[in-house]
Structure formats: C-alpha cells, structure tokens
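Enquirer: Handing you a structure now.
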C-alpha cells in the first residue's frame, strides 16, 4: 500500500528531524518525482542529517562528499590506477557510484568540479578515459549549499540550478521542536538505529505510482497560466522553462500521492510551486523579495 | 476595487507623463515656444521629484507660491500672446500648460483621474491643427497609453506588468472601435459648423494661401508657385516649386485625356497696366453665361479641391456645364466660381470636353481684350507693327509670333533675372528668360498690339497620375498661365506660348523639366529597381492618403449620403440616421453585456455550478479569491460556517472530482442538486 509506506517513511524521518514536517514532505516529494534536491540553508540546521535520514529510511546506499575549493572531478567520479599485478589500468569508482549522494556545500567547489557532478546528474552515467560507466539506479543527488553571501563560494549558474527539481530551505526549528532536540538523544546514534522502511525496489514502485496520478486538462490549463505569467508579466528576467513546467507537474503528482489522492488539485501545484520556481526565477526588482512566490500564486487565477 | 488609501506611485505618474508628453508634442510645433518650455519644465519638476526626491509644491509654502505664480504667469503670457480672443490657439495652449501644472501636484487618485481625462481632451485639440493619418496614428497611441494608465490605477493587483496593462488597454480600445465607427458613419453631418467657429479657426488655411497670392508681390523677389488673382511680370526672380496639393481628380471609367490636353482652367486676366494683370470687374463677366458648343468625347470626373480661401474653382478646359451638386456659376470668360469661399476641402463633379468652340458668335468684353496701357512697350509695339505689314491675316500673324518665340533663343527658366523699366520690352528684347507668366503676358501684349483680342488664363497644367488608384494629383507647382485669343467665327482659342519655347513643359508636365532627385531621395536614383520600388511605395502611400482625405477627413453631408445609400439606406436624413445610430449603439452595448455574461459562464457546466455555489457563499462575505483552490476555500468556508460543513465539503469534493479527477455525468447531476439545495441561513 503506497499510502501506509509513505506515512511510515515520513514518520520515521520526522522522528529524527524534529519540527520540519513540510520541508521533509517536500524532500520526499522530490525523490518520488525522480528529481534531484538542493537544500539551501545556514550551517547546523540539519541539512546533512536530512539527507542521511532520507537515504536510510528509503533503504538507499549513501555516500557523502564534502566539497572544497581544491577538489577535482576525479575525487567524485573515480580514477584509473595502474596495477602492477595485472599490468593494466583499473578503474576505481569514486563516491558518486551510490544511490543517494550527499554533495555537501556544493558551492564551495570550483565550477569545474561542480559541473562534473551536475553532468553525472543529467546523464545518469560517467565517462572516464573513453569508458562509460552507468550510475546506480535509483540515483539521487542531494546537494546542500550555503547562502550566497558567505565568503569563498562559487554560486551555481542558472543553467545548473535548473537541474535540481527542487530547492528547499530548512530554517530554524520552532521553540518546542528545538527543546525536544536539546533534551533528546544524540541524532547520530538515532540515525544509526534507523531501519529502512522500504527497499529500493519498493521506492521504484512508489515512483511508478506517482507517475500514474491523474492530471486533468483543467489543471494543465492552470500550469500553463503560471508558465505564461512568469514569461509575460515582466517581473522576471527569464520565464520558467518547459522543463520547470514538467517538473511542476511531476512534483504535484508525487505530492498528491503523499496526500493519498489519485488526482492532482490546484492546491498541490501551489504547495510545490515555491520550492520549484524560487531557484529558477530572478526578479527584476527585489525590494520585497521575501514573499514574492506567494505573490506569484496570487497573481495567477485558477481557471 | 482600489484600496481607499491608494495613491498613485511614481510608476503610475511616469506612464501618465509619457502619454501626456506624446500627446503634447504636436503642440510644441503649433504653439509658441514657451508653451513647450513650460510643459517640459513642469514635467521635469515631477520627474526630479520621482528620481531625485525634489520637493513637490505641497511641501512648502514657497514652492506652492512658485507653482501658483507659474500658473498665473501662464495666463498673463496667453493674454499677451493671443490677446483677448478666446480661440483655438489660446485654448489649446492653456490646456497644454495647465495639464503639466496639474501633473506636478498629483497626490490623490482623483488628481490622477483628472489628469488622465484632461489628456483625452488634449488629444482632441491636436485635431484642430491636423487631421493627417500620422496624427491619427499618434493620437491612437496616446489614447491607448492613457487607457493603460487608467488600467494601472484600477487593476486589482498593483504589481501588474506594463505589457499586460498595455495589452488590456489595446483590447479595450479595440472593443470601443465598433461604437466609434457607428458614430463616425451615422452621426448626422451638418453642412457648416454647428457652433460659431472662433476667429482663428481658419488661420492655418489663410496663412498658406497668402503666400501663394503674393506670387507677384513678394518684394524680396521670390514667390511660391500657385494661383493668385493677378500676376505681375518681372518681380519674381525665383519661383519656388511647392509640392502642396492643389486638387485631386478622379476620372470616371479611367479615361484620362492626354497630358497635353490637361489644362485646368482658373481665373482669367484681362486688364493690364504694363506690369500687373488683373481680372475684369464682376459686373462685366457675370452678366451672361458663355456660349459653348462641344464636340468630341466628354470626360466625367470628380474634383477634390484643397481649401484656398478664394471663390474660384478649377475645371478641365472646358466644362460642359456647372457642377450640379455644388453651389456655383460660370462667368462669361469661362471662369468657374463658387458661391462662397472655399474654406474646407470641397468636392464637385464635372464633365468636360477638350474640343469646343467658345463664344464664337461674339463676346461683349472684346474691348477689354484689346486694352493696352498708354505709352508703354514702344519696342514691342514697333515689332508688332512690322510683323503686321509682313503678314496677310491674323492667323499668319499668330504663327509669326510663335515662330519668334520658337526660333529666337528664348529660354524657359524658373530663375529668370529680375526685370525693371518696361518689363515686356526688357523681356522680349533683352533677357529672354522666363516662365509661363512671362510668355503668356508678352504674347498677349503682342496680340493686342495687332488688334487681336487676347487674354491670359491662369490655372494648372498636367498633374501626377497615380497608377494605384488612377487619381490625378495636381500640385501647386503645376500652376500655369496661357493665352486665349479671339478670332472671328472661331471664338476663343487657347494658345500656349510657353509650349513654343519649351514643349516639354506641356507634354511632360513641370516634373519633366526638373532633375529626378526632386522626386526621390538621391541615393536611390542610382539604382533603377530601387527607384521603381520607391516610386511604387510613394504611389501607394499617395493613394492611401488620397482616400483618407476624401473618405475620412472629408466625410461630410455629401459623402455621408453617398455612403449610406450604398449601404442600403434610402434617402438618408438626420432622423433616420439618429434612429439607426441609437439602435446600433444599443445593439453593440447588448453584445458587450452578452459577451461578458458568456465569458463568466464558463463552458464547463461544473464550473458554472460551482460559481453559483461561490455566489451563495459571497452573500456571507466569503468571497473566493481567483487564485484560491476549491479545497482551500472550503476549509475557510467551513471554519466560517460550521453549520454547513458537510454540505460545503460535499459540494467541493464533487466539483473537484469532476474537474480534476474524471468527468462523470452522474456526479454533475449530483452537484447540480447539491448546489440547488444549498441555502445557507444566518
């Protein structure tokens, strides 16, 4: 039963990361929609823990790469090493050969290294010295990045931001959740005790189920109105891409599945919209940048 | 819809300024320079406030005094410039400047509205000066911009993009188009103005005409080509060729006489004092009508005459009768006169034949056609004496004179030397350089010296035929003067001495004498294909302008009747037009209402039912926002109306299932029942 599985997953993640129901739901939505996730927030709010918990709960193999400015693409993808015994080069796969990879502080690495990761995300495979290696399936990238105004960062270019289906923020926990966190057990030991709720195969079945969720023509009209608005209203430098439109529908389907519905409602679109468009659109005037996605929702009437 | 505390921000003000500036720019040309100056100064003040934070008049008492003082100064300036006459110029100047003053002090929404609506008045004032196509296009742009300003302060989302606003304004203006067309076509046109026109209403017309009347009078020695009621030889040393249109001719059946026959007859000049030629007093020529016998084919055509503020009309030499539908009469010297001065573009239909006999039986005014000033032109008279003895009859004498012009080295020139002393003698024996006036006048003197009655006819010769619409445009530069001599049994015969000197002038028109660069930009004349293309475009543009002038600007009682009869209204009078107009306006209003109702009632029946439900909720102050999803709204509604939670839930679920899940006719029926049964009470 998809619904019982999904609530079990959410429950086990919520046990570890406290008071973050909405971002966690969005993160799960992102993975169900087969999208890559970008988490942007201050250090110490639980970005890494969230990624690790997701992997554990979904029964995925997990690797973490801490990005630094002196990192090279080979550090991610792997390297061919000459072995004297066999008298030939052998490929030693890098950390990217896993099901869920956490690219921590992705904006600390040089653009060259960043693009190596992002290319792998897009192609689902890597090529080293003429040899192509398929990545594992499913394959998710959860990247975290610090807010742009911190020193020593290389901001991801817009074209690469577009490859992340969602960008979410965690934010500080509320007082009650924080109190529970401070009084409770160490998160790391909790994480080690966490057992997988579903297997990778079951996850793929869930993804299949999400793709089956019905999208009516009236709803497509609504999505198209949103896309047109971002392109024509003059508030944004560039409008949303067709890929963003597709992402919006995929994510809304996954969200509807989590909500235990077999069809998508405009409310589903509105729920996932901020995490999907916020990193893709650039406002022309950012004087009231805080709630502009909210404004975007308010400007587009539901047909 | 607007919030009560709403006040226009600088985005609103800026778009208003753009619209008003565009609307005021033509006035910078028509009005004295200080009108434009004041306007720009005031607008700049407002812009400096927006971008540099300069204070507005309301900020301090001194600025208020400055602002009010400026307004007072404007009124003083207007009085000194225009005097006490309240007319077109002073009114337009006042409106233009005061509008800019108003923009500076816009604070509330009301101020903004006032400025917008005054902007529409500004648009109207521009048409007092020009009704050209370019002006109409420009003013349409201003109207759309002003409408978009009104849209911007009235839209429910104050962060709407400028593109959307313009699109909406454009849509609204286009929706108003049918009403505009109905009003234009059907509003009863009354001959002459309804209200007394201000004194300066025709000033634009009279100024251009005085320039043409001074053909023989400009002391500096230059003149603009055109027609006046007298000509003076020798004073003009440079003829400026004006491209202004004199009249346009549309021949019926597209049968057009050859260019050498295109003599457009105007005023006839009889009397001379040696230099100035002038017409005969009306009492002599108005007594009787000319005796004409026509032979050969007749050409029917309609003339569209540009206003020249004089009474005379032009006709192809020679009209079979006076125009039937235009109050006019023919003088005995063949001049066609209007009953009143031509102050507006006028249209009349005529037919002419180029083969005719004119007063062959005799003419009462022959005495005037023999008049010569006393003791003038001694050399010319001596020459005439000599030729008279050499020739046997009048015909031979005329040929002798024409041969003289043809064989001696006379030159056709638009820039002849200035003449003094006895001008005819000087011209014939000394300078021998001149244009049509010189030849016509000296030829007439030579005729009269030999007792042959002769007179000068002024008018136009030739014209440009536009192949696109077959309209012949006659311009001021086609102005011409020729001679008529009276011979017994033959009557008045046209003799054009200019053609003896320069046959090109008559066969190819004046353009044949001019370098090609006059007609197309120099760069194009190098390539034939480009020249042709340019010519083609020019022809089309002319044709378009021509129909614009005739059918839109010239849409008066006459054309209105014509158009309405063509549209199937018999005997259109003002009562019929008013009834038609009222019913068509009512109809278009009805169409608008129905269209908006239809749009509200969406094609999806579920949506219509759901909207009924929403209207019922709205009675409790629960308005569903456009952007609100049905379930979000239901949550809000259930919270506000806890007694109806179940019904609200059922209706919402049914609706969203039909609309977003699968369309099921059974559910639709259920929804209809539920919505009908839903009667919330407080």
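Residue numbers (the UniProt record's numbering), protein chains in the order written: chain G, 1 to 303; chain H, 1 to 682.
In this text, a Cβ means the ideal position worked out from N, Cα and C, and glycines have one as well.
1. At least one CB of chain G closer than 8 Å to the CB of residue 610/H: is that the case?
2. Can you tell me where the beta strand (DSSP E) holding residue 543/H begins and where it ends?
3. Leaving out five residues on either side along the sequence, give the residues of the same chain with a beta carbon under 6 Å from the beta carbon of residue 166/H.
4. Using DSSP bridges, identify the partner residues of residue 70/G.
5. How would you label residue 9/G, buried or exposed, when you count the other beta carbons within 10 angstroms and need 16 or more for buried?
6. Would you please state the rounded distance, in angstroms, between the beta carbons of residue 440/H and residue 397/H? I believe it to be under 8 Å.
7. Is there a Cβ from chain G that is less than 8 Å from the Cβ of residue 50/H?
8. Which residues, in order along the region 222-248 of chain G, keep a beta-carbon less than 7 Å from a beta-carbon of chain H?
9. If you drop the 5 nearest sequence neighbours on each side, which residues of the same chain put their C-beta closer than 6 Å to that of residue 561/H?
10. Starting from residue 88/G, trace the beta strand (DSSP E) both ways and give me its first and last residue.
11. Thinking C-alpha only, which one of 106/G, 204/G, 199/G is nearest residue 157/G?
12. Taking 8 Å as the CB-CB limit, is residue 113/H close to chain G?
13. With 16 as the cutoff for other CB atoms within 10 Å, does residue 579/H come out buried or exposed?
14. Would you kindly work out how many angstroms separate the C-alpha atoms of residue 221/G and residue 303/G, rounded to a whole number?
15. Three-state secondary structure (DSSP) at residue 495/H?
16. Return the residue from the list 183/G, 69/G, 26/G, 253/G that minimises the CA-CA distance to residue 54/G.
17. Compare the beta carbon distance of residue 348/H and residue 325/H with 8 Å and say whether it is the shorter of the two.
18. Is the Cβ-Cβ distance between residue 216/G and residue 660/H less than 8 Å?
19. At what residues does the alpha helix (DSSP H) containing residue 442/H begin and finish?
20. According to the neighbour-count rule (16 or more other Cβ atoms, all chains shown, within 10 Å of its Cβ), is residue 314/H buried or exposed?
21. Within 7 Å: the Cβ of residue 569/H and any heavy atom of the ligand ATP?
22. Ordered along the chain, which non-local residues of its own chain (more than five positions away) have a Cβ less than 6 Å from that of residue 129/H?
23. Going by DSSP in three states, residue 144/G sits in which element: helix, strand or coil?
24. On the CB-based measure, 16 or more other CB atoms within 10 Å of its CB, does residue 247/G come out buried or exposed?
25. Which stretch, first to last residue, makes up the beta strand (DSSP E) that contains residue 250/H?
26. Return the bridge partner residues of residue 577/H from the DSSP annotation.
27. Return the CA-CA distance between residue 391/H and residue 499/H, expressed in angstroms with no decimal places.
28. Specify the secondary structure class of residue 33/G as computed by DSSP and reduced to three states.
29. In angstroms with no decimal places, state the Cα-to-Cα distance between residue 596/H and residue 646/H.
30. Give the DSSP-derived three-state secondary structure of residue 632/H in the structure shown.
31. Using the three-state DSSP reduction, which class does residue 294/H fall into: helix, strand or coil?
32. Inspect the CB distances between the region 263-273 of chain G and the region 626-640 of chain H and report whether three or more fall short of 8 Å.
33. I want to see whether chain G comes within less than 8 Å of residue 598/H, judged by CB atoms only; does it?
34. Is the beta carbon of residue 163/H closer than 8 Å to that of residue 232/G?
35. Distance check for residue 7/H and residue 108/H, CA to CA, integer angstroms please.
36. I need the straight-line Cα distance from residue 23/G to residue 163/G, nearest angstrom please.
Expert: By the coordinates alone:
1. Locating residue 610/H in the second chain gives position 610, counting from the first residue. Output row for residue 610/H: interface = no.
2. One-based indexing of the second chain puts residue 543/H at position 543. Here residue 543/H belongs to no beta strand (DSSP E); instead the alpha helix (DSSP H) covers 528-547.
3. The residue you call residue 166/H lines up with position 166 of the second chain. Closer than 6 Å at the Cβ level, and outside the excluded window around residue 166/H, lie 148.
4. For the purposes of this step, residue 70/G is taken as residue 70 along the first chain, with counting starting at 1. In the DSSP output, where bridge partners are listed per residue, residue 70/G has none listed.
5. Within the first chain, the letter at position 9 stands for residue 9/G. Result: buried.
6. The sequence position of residue 440/H within the second chain is 440, counting from 1. The sequence position of residue 397/H within the second chain is 397, counting from 1. That pair is no contact at about 17 Å.
7. In the second chain, the residue the question calls residue 50/H occupies position 50. For residue 50/H, the answer is no, since every Cβ of chain G falls outside 8 Å of its Cβ.
8. From the region 222-248 of chain G, only 232, 233, 234, 235 have a Cβ closer than 7 Å to chain H.
9. By 1-based counting over the second chain, the position of residue 561/H is 561. Only 572 meet the Cβ criterion.
10. To locate residue 88/G, count along the first chain from 1; it is residue 88. Where residue 88/G is concerned, the enclosing beta strand (DSSP E) stretches over 88-93.
11. Position 157 of the first chain, counted from the start, is the residue given in the question as residue 157/G. Nearest option by C-alpha distance: 106/G.
12. Residue numbering aside, residue 113/H sits at position 113 when the second chain is read from its first letter. By this cut-off, residue 113/H is not an interface position.
13. Mapped onto the second chain, residue 579/H falls at position 579. The residue is exposed, with fewer than 16 neighbouring Cβ atoms inside 10 Å.
14. Position 221 of the first chain, counted from the first residue, corresponds to residue 221/G. Position 303 of the first chain, counted from the first residue, corresponds to residue 303/G. If you take the alpha carbons of residue 221/G and residue 303/G, they lie about 7 Å apart.
15. Within the second chain, the letter at position 495 stands for residue 495/H. Reduced to three states, the DSSP call for residue 495/H is strand.
16. Here the question's residue 54/G lines up with position 54 in the first chain. Residue nearest to residue 54/G within the set 183/G, 69/G, 26/G, 253/G is 26/G (criterion: CA-CA distance).
17. Taking the second chain and counting its residues from 1, one reaches residue 348/H at position 348. Taking the second chain and counting its residues from 1, one reaches residue 325/H at position 325. Their beta carbons are under 8 Å apart, which means residue 348/H touches residue 325/H by this criterion.
18. Along the first chain, one-based indexing puts residue 216/G at 216. Along the second chain, one-based indexing puts residue 660/H at 660. In contact: residue 216/G and residue 660/H (Cβ atoms closer than 8 Å).
19. Here residue 442/H is taken as the residue at index 442 of the second chain, counted from 1. Its alpha helix (DSSP H) spans residues 436-449.
20. Locating residue 314/H in the second chain gives position 314, where the first residue counts as 1. When all chains shown are included, residue 314/H counts as buried.
21. The ligand ATP is not part of the structure shown, which contains no ligands of any sort.
22. Mapped onto the second chain, residue 129/H falls at position 129. 30.
23. Along the first chain, one-based indexing puts residue 144/G at 144. Looking at residue 144/G - three-state DSSP - the assignment turns out to be strand.
24. Here residue 247/G refers to the residue found at position 247 of the first chain. Taking all protein chains shown into account, residue 247/G has 16 or more neighbouring C-beta atoms within 10 Å of its C-beta and is therefore buried.
25. Residue numbering aside, residue 250/H sits at position 250 when the second chain is read from its first letter. Element bounds for residue 250/H: 245-251.
26. Here residue 577/H corresponds to residue number 577 of the second chain, with the count starting at 1. For residue 577/H, which the question treats as bridged, DSSP gives no partner whatsoever.
27. Translated into the one-based positions of the second chain, residue 391/H becomes position 391. Translated into the one-based positions of the second chain, residue 499/H becomes position 499. Roughly 22 Å between the two C-alpha positions.
28. Translated into the one-based positions of the first chain, residue 33/G becomes position 33. Coil at residue 33/G, not helix or strand.
29. Here the question's residue 596/H lines up with position 596 in the second chain. Here the question's residue 646/H lines up with position 646 in the second chain. Looking at the two C-alpha atoms, the distance is approximately 33 Å.
30. The sequence position of residue 632/H within the second chain is 632, counting from 1. Note: residue 632/H maps to helix in three-state DSSP.
31. Stepping through the second chain from its first residue, residue 294/H is reached at position 294. Here residue 294/H sits in strand by DSSP.
32. yes
33. Taking the first residue of the second chain as 1, we reach residue 598/H at position 598. Taking Cβ atoms only, chain G never reaches closer than 8 Å to residue 598/H, which makes this a no.
34. Working through the first chain from its first residue, we reach residue 232/G at position 232. Working through the second chain from its first residue, we reach residue 163/H at position 163. It is a contact, given that the beta carbons lie within the stated cut-off.
35. Within the second chain, the letter at position 108 stands for residue 108/H. Within the second chain, the letter at position 7 stands for residue 7/H. Distance between the alpha carbons of residue 108/H and residue 7/H: 5 Å.
36. On the first chain, position 23 is the one that residue 23/G refers to. On the first chain, position 163 is the one that residue 163/G refers to. Distance between the alpha carbons of residue 23/G and residue 163/G is about 19 Å.
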